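Here the structure is laid out as structure tokens; the discussion comes afterwards.
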Amino acid sequence: MELQVIMFGIARDIVGDSKLKLELDEGASVGALKKHLIDGYPEMGRLKSISFAVNTEYVDDNYQLSDKEEIIIIPPVSGG
Amino acid sequence: MIKLTKDPIQVDEVINSVYDDGAGAVDVFIGSVRNKTEKKKVVKLIFEAYEKMAISEMEKIAKKTMEKWPVCKLSIVHRIGTLNLGELPVVIAVSTPHRSDAFAACRFIIDTLKETVPIWKKEIFEDGEVWVAAHP
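Just so you know, the sequences run in chain order A and B.
In this text, residue positions in the first sequence follow this note's numbering: the first is 366, and each later residue adds one.
In this text, residue positions in the second sequence follow this note's numbering: the first is 126, and each later residue adds one.
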């Protein structure tokens, strides 16, 4: 399946774009997406953390992705 | 009142929004842009947010706060965009019947906001820039 992920902050700077399209197996997990990203962009692996959100809710590594959802990469937050 | 704003935060408006006849205390946290990080001189900060999730995470914090303390009213307002020295990125106000709960609830809100709300801060120095807290 083709996924489109949206990026903010340093994740966007690393990738060089606010949106990234990538191909993963049907029903791939967030963990698989994370590995795919770090393989493609080793700088992502050097961040303090990478979290993911689907439809504005945080999801853990076991969450199964679908190409119909809005997937967001959340690098370490620093509000306040 | 829970919101993100591109305009300067009106502190009075945030405080006024939590006054309540049942409240004996109002506690306010104001974040301000500091002129240095460690020894580097900061010129300005840029804040960006994943806006719809930032709002929903702030609403979750509000709900948790109301479960933990007898809150009369609370408000969380966060600024986004470019902020210069002395400007205010965040203002939080909480009213409760007694002061100890207002202090504790206000601290919980800012501490949790810094951990969970998808807002990112970039520090601009005279000779470079860095996304805050991105690396270990």
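Glycine included, C-beta positions come from ideal geometry on N, C-alpha and C.
Since the model is a prediction, treat every value here as computed from it, not as a measurement.
- Three-state secondary structure assigned by DSSP to E212 (chain B): coil
- Task: Please confirm if A175 (chain B) has its CB atom under 8 angstroms from at least one CB of chain A.
- Result: In the sequence under discussion, the amino acid at residue 175 (chain B) is Tyr, which differs from the Ala named in the question. Y175 (chain B) counts as touching chain A.
- In DSSP terms, what D152 (chain B) is bridged to: B:V219
- Item | Y406 (chain A) versus S431 (chain A): straight-line alpha-carbon distance, rounded | 22 angstroms
- Query: What residues are listed by DSSP as bridge partners for G398 (chain A)?
  - Reply: Strictly speaking, residue 398 (chain A) in this sequence is Leu, with Gly absent from that position. L398 (chain A) pairs with nothing; no bridge assigned.
- E391 (chain A) versus A:K433, A:I439, A:I437, A:V424, residue with shortest Cα-Cα distance: A:K433
- Task: Mind checking who A376 (chain A) pairs with in its DSSP beta bridge?
- Result: DSSP, once it has assigned bridges, lists no residue as partnering A376 (chain A).
- Pick from B:V139, B:P133, B:S200 that is closest to I180 (chain B), judged by C-alpha positions: B:S200
- Since I believe E182 (chain B) is in contact with V242 (chain B) (beta carbons under 8 angstroms), could you give me their beta-carbon distance rounded to a whole number of angstroms? 5 angstroms
- Following the continuous alpha helix (DSSP H) through S411 (chain A), name the residue where it begins and the one where it ends. What sits at residue 411 (chain A) in the sequence shown is Arg, not Ser. Looking at the DSSP string, R411 (chain A) is not in any alpha helix (DSSP H), and its letter there is neither H nor E.
- Quick one: is I134 (chain B) near chain A, going by C-beta distance under 8 angstroms? no
- Message: Tell me the DSSP secondary structure of V187 (chain B) in three-state form.
- Response: A quick correction: the sequence has Ala, not Val, at residue 187 (chain B). DSSP places A187 (chain B) in helix when its eight states are reduced to three.
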